[in-house]
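Peer 1:
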Amino acid sequence: MQLVEKHVIAQTDPRFACVDAACFASKNLYNAALYELRQTFFLTNTSLSYPALDKRMQEHEAYRALPAKVAQQVLKQVCTAWSSFWAALLVYRETPAKFVGRPQLPKYLPKAKGRNLLVYTMQAVSRGKRTLDRGIIQPSQLGIQVKTRQDPKAIAQVRVVPKVGYVVVEVISEHEPTVTAVDPDLLAGLDPGMDNLATLTSNKPGFVPVIVNGRGIKSCNQYYNKQRAVLQKSLGHPGRSRRVEQLTTRRNRRIEHDLHTASRFLIDLLVAEGIGTLIMGKNPLQKQEIRLGKRTNQHFVQIPHARFIQMLQYKAELVGIRVILTEESYTSKASLLDLDPLPVYRKGEQVAYQFSGKRIERGLYRAADGRVIHADVNGAGNIIRKVAPGAFERKGVEDGECRVHLPVVHPVRKSFPHKPAREKILAPVRIR
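Here it is in structure tokens:
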């Protein structure tokens, strides 16, 4: 698996000028190569292959402004974007329902403010006793050095990603999964949410459910929306300013930090409990088709649940935990304690399902016998039952009868205080 170590070069850093100039040259080559592809298609109704495009662009001044291996990576970006468009268009014509709109031709990057990323393979990174062998990354002809903590033998490539007001140098390295003492027969269910970012429960006897507080991310989004509205009003016209971009960058980095912290805590908890399978609920187009009211919709859609799930997936894979994604229809309505059947929602059907319990107030669910449990724990347990219907059933040793094994239903809430903005929020975070 490939992991990324990020290094931020701010606009005030002396290294920023040369890196920004290289990203600008990469943009020029990207636009020039895209122009060749578009004109060839419009005039001859054919597409250029990568070797043909590389041969045509070798004498171009934008190509010669970069190291040859870096320029070739830019051309590969253009060819990938071009072929991806046609592949997406083919799928769109067959099944338009998979898309939210018609795929568009790759567009040119802005002429003045546009920047494009740089990809340095290990052949384009300086090697020697004073550089890579000492953990110092020095991309060819870039004029900067970056200290890395990765094993030089594991580094696959280095990417320079331009952002608004800063540049991120990404050191990509290969990592093999580690062997941990986890049991794949022990299942955990995770229900993503808004005020409760994640609710985790398990069929392991005695496991205490955990709720990760999501109000910090919600508060961050509220502050961002308020400040952005003030800046947008003072701007006087639709568009973006540098202050809006800086505000957006700070918000994105804050949320990225919080998601990494929460996902690391959850995976470490699963390893400590010896749970080897994680089941997460994820409905298709849940952000596009949600109908919870204007204000709740705004709060919910701004939480990057897909990114959170990606973090959990790769961190689980690194420690040998299997991850399963499943749809979560009716998991909040069905009763976990009564083991209600869990149907699958189908758009357009008019079936009215009846369940044993119901949600009585905010955060509480009452079962058929009057027991009250946390509503999100009820949903997380039902997500497990979506994949393994008998997860909470145990057979007696002597009589062979099937008995219900009830989970712990009173959760523990976990919050992560945010660190001051002056700290490096992109650095790896350890849970103490």
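Those letters in the sequence shown? Residues 19 to 450, by my numbering.
Don't be surprised by glycine CBs; every beta carbon is placed ideally from N, CA and C.
Keep in mind the model is a prediction, meaning the values are calculated, not measured.
1. Between the region 202-215 and the region 32-40, do three or more beta carbon pairs fall short of 8 Å?
2. By DSSP's criteria, Pro157 is part of a beta bridge. Which residues make up the other side?
3. Is there contact between the region 393-403 and the region 208-217, where contact requires at least three CB pairs shorter than 8 Å?
4. For Pro438, which three-state DSSP category applies?
5. Whose CA, out of Lys171, Gln168, Arg261, Gln141, lies closest to the CA of Gln159?
6. Does any residue of chain C bring its CB to less than 8 Å from the CB of Phe59?
7. Of the choices Ala39, Ala80, Asp38, Ala99, whose alpha-carbon is the least far from that of Tyr68?
8. Which same chain residues end up closer than 8 Å to Thr344 when comparing Cβ atoms and leaving out the 5 residues on each side of it in sequence?
9. Reducing DSSP to helix, strand and coil, say where Ala216 ends up.
10. To the nearest angstrom, how far is the alpha carbon of Cys41 from that of His78?
11. Confirm, please, whether the CB-CB distance from Val176 to Pro157 is below 8 Å.
12. For Met19, does the count of other Cβ atoms within 10 angstroms reach 16, so buried, or fall short, so exposed?
13. If distances are taken between C-alpha atoms only, which option among Ala385, Ala206, Glu263, Ala130 comes closest to Phe410?
14. Would you say the region 383-391 touches the region 348-356, given that touching needs at least three Cβ pairs under 8 Å?
15. As a quick exercise: from Ala105, Asn221, Gly254, pick the residue whose alpha carbon is nearest that of Leu288.
16. Which of helix, strand or coil does DSSP assign to Gln320?
17. Does DSSP put Lys236 in a helix, in a strand, or in coil?
18. Taking the alpha-carbon positions, what's the Gln372 to His275 distance?
19. CB-CB under 6 Å to Ile378, same chain, minus the five flanking residues each way: which ones, in chain order?
20. Could you tell me which residues DSSP pairs with Val185 in its beta bridges?
21. Using the three-state DSSP reduction, which class does Ala406 fall into: helix, strand or coil?
22. Could you work out which residue in Thr295, Leu215, Val230 is closest to Pro335 when comparing CA atoms only?
23. Roughly how many angstroms separate the alpha carbons of Ile273 and Ser347, rounded to a whole number?
24. Could you name each continuous alpha helix (DSSP H) segment of 4 residues or more that falls completely within the region 73-142, going from the start of the chain to the end?
25. Report all residues from its chain with a CB closer than 7 Å to the CB of Arg431; omit the five preceding and five following residues, and keep chain order.
26. In chain order, what are the residue ranges of uninterrupted beta strand (DSSP E) at least 3 long that sit wholly in the region 343-405?
27. For the beta strand (DSSP E) containing Asp151, name the first residue and the last one.
28. Using CA coordinates, which residue listed in Gly132, Leu136, Phe103 is at the minimum distance from Arg120?
29. Using the C-alpha atoms, what's the distance from Ala86 back to Leu47?
30. Between Thr198, Pro180, Arg167, which has its C-alpha nearest Ser191's C-alpha?
31. Buried or exposed: which applies to Lys129, given that a residue is buried once 16 or more other Cβ atoms fall within 10 Å of its Cβ?
32. List the endpoints of the continuous alpha helix (DSSP H) containing Ile280.
33. Starting from Leu204, trace the beta strand (DSSP E) both ways and give me its first and last residue.
34. Please identify the residue among Leu61, Ser44, Thr62 whose C-alpha is closest to the C-alpha of Val137.
35. Whole angstroms is fine: what's the gap from Gly408's alpha carbon to Gly399's?
36. Measuring CB to CB, does Leu52 end up less than 8 Å from Tyr126?
Peer 2: So, from the data block:
1. no
2. Here residue 157 refers to the residue found at position 139 when the sequence shown is read from its first residue. Val143.
3. With the cut-off at 8 Å, the region 393-403 and the region 208-217 touch.
4. Residue mapping note: residue 438 aligns to position 420 of the sequence shown, counting from 1. Low confidence applies here, because Pro438 scores a pLDDT of 47, under 50, leaving its location unreliable; read the following figure in that light. Pro438: coil per DSSP, three-state reduction.
5. Position 141 of the sequence shown, counting from 1, holds the residue named residue 159. Nearest option by C-alpha distance: Gln141.
6. Chain labels in this structure do not include chain C; a single protein chain is all it has.
7. Numbered from its first residue, the sequence shown carries residue 68 at position 50. That would be Ala99, whose Cα lies nearest to the Cα of Tyr68.
8. Numbered from 1 along the sequence shown, position 326 holds the residue referred to as residue 344. Within the same chain, Thr344 has close Cβ partners Ile297, Met298, Gly299, Lys300, Ile401, Lys404, Val405.
9. Taking the sequence shown and counting its residues from 1, one reaches residue 216 at position 198. DSSP places Ala216 in strand when its eight states are reduced to three.
10. Stepping through the sequence shown from its first residue, residue 41 is reached at position 23. Stepping through the sequence shown from its first residue, residue 78 is reached at position 60. When rounded, the distance between both Cα atoms is 17 Å.
11. The count along the sequence shown starts at 1 and reaches residue 157 at position 139. The count along the sequence shown starts at 1 and reaches residue 176 at position 158. Yes, Cβ-Cβ distance for Pro157 and Val176 is below 8 Å.
12. The count along the sequence shown starts at 1 and reaches residue 19 at position 1. Burial call: exposed.
13. What you label residue 410 is simply residue 392 of the sequence shown in a count that begins at 1. Nearest C-alpha to Phe410: Ala206.
14. yes
15. Indexing the sequence shown from 1 puts residue 288 at position 270. Relative to the Cα of Leu288, the nearest Cα in the group Ala105, Asn221, Gly254 belongs to Asn221.
16. Taking the sequence shown and counting its residues from 1, one reaches residue 320 at position 302. Three-state result, Gln320: coil.
17. The sequence position of residue 236 within the sequence shown is 218, counting from 1. Under the three-state reduction of DSSP output, Lys236 falls in the helix class.
18. Here residue 372 refers to the residue found at position 354 of the sequence shown. Here residue 275 refers to the residue found at position 257 of the sequence shown. Rounded to whole angstroms, Gln372 to His275 spans 42 Å at the Cα level.
19. Here residue 378 corresponds to residue number 360 of the sequence shown, with the count starting at 1. The residues are Arg384.
20. Here residue 185 is taken as the residue at index 167 of the sequence shown, counted from 1. BP columns for Val185 point to Ile27, Pro180.
21. What you label residue 406 is simply residue 388 of the sequence shown in a count that begins at 1. Per DSSP, reduced to three states, the secondary structure at Ala406 is coil, with no helix or strand assignment.
22. Translated into positions along the sequence shown, residue 335 becomes position 317. The residue you asked about is not Pro; residue 335 is Glu in the sequence shown. Nearest C-alpha to Glu335: Thr295.
23. As a working note, residue 273 is residue 255 in the sequence shown. As a working note, residue 347 is residue 329 in the sequence shown. Per the coordinates, the alpha-carbon of Ile273 lies some 27 Å from the alpha-carbon of Ser347.
24. 79-82, 86-112
25. In the sequence shown, counting from the first residue as 1, residue 431 sits at position 413. Here the set comprises Ile229, Asn231.
26. Within the region 343-405, the runs of beta strand (DSSP E) that reach at least 3 residues and sit entirely inside it are, in chain order, 376-379, 382-384, 390-392.
27. To locate residue 151, count along the sequence shown from 1; it is residue 133. Per DSSP, Asp151 belongs to no beta strand (DSSP E) and is neither H nor E.
28. Taking the sequence shown and counting its residues from 1, the one referred to as residue 120 is at position 102. Considering only alpha carbons, the answer is Phe103.
29. Counted from its first residue, the sequence shown places residue 47 at position 29. Counted from its first residue, the sequence shown places residue 86 at position 68. If I take the Cα positions, the gap works out to 12 Å.
30. The residue given as residue 191 occupies position 173 in the sequence shown. Per the Cα distances, Arg167.
31. Sequence index remark: in the sequence shown, residue 129 carries index 111 (1-based). So Lys129 counts as exposed.
32. By one-based count along the sequence shown, residue 280 stands at place 262. Correcting the residue type first, residue 280 is Ala in the shown sequence and not Ile. Here the alpha helix (DSSP H) through Ala280 covers 260-291.
33. Position 186 of the sequence shown holds residue 204. Counting along the chain, the beta strand (DSSP E) containing Leu204 begins and ends at 201-210.
34. Here residue 137 corresponds to residue number 119 of the sequence shown, with the count starting at 1. With distances taken between Cα atoms, Val137 lies closest to Ser44.
35. Locating residue 408 in the sequence shown gives position 390, counting from the first residue. Locating residue 399 in the sequence shown gives position 381, counting from the first residue. Whole-angstrom Cα-Cα distance: 11 Å.
36. Sequence index remark: in the sequence shown, residue 52 carries index 34 (1-based). Sequence index remark: in the sequence shown, residue 126 carries index 108 (1-based). Their beta carbons are under 8 Å apart, which means Leu52 touches Tyr126 by this criterion.
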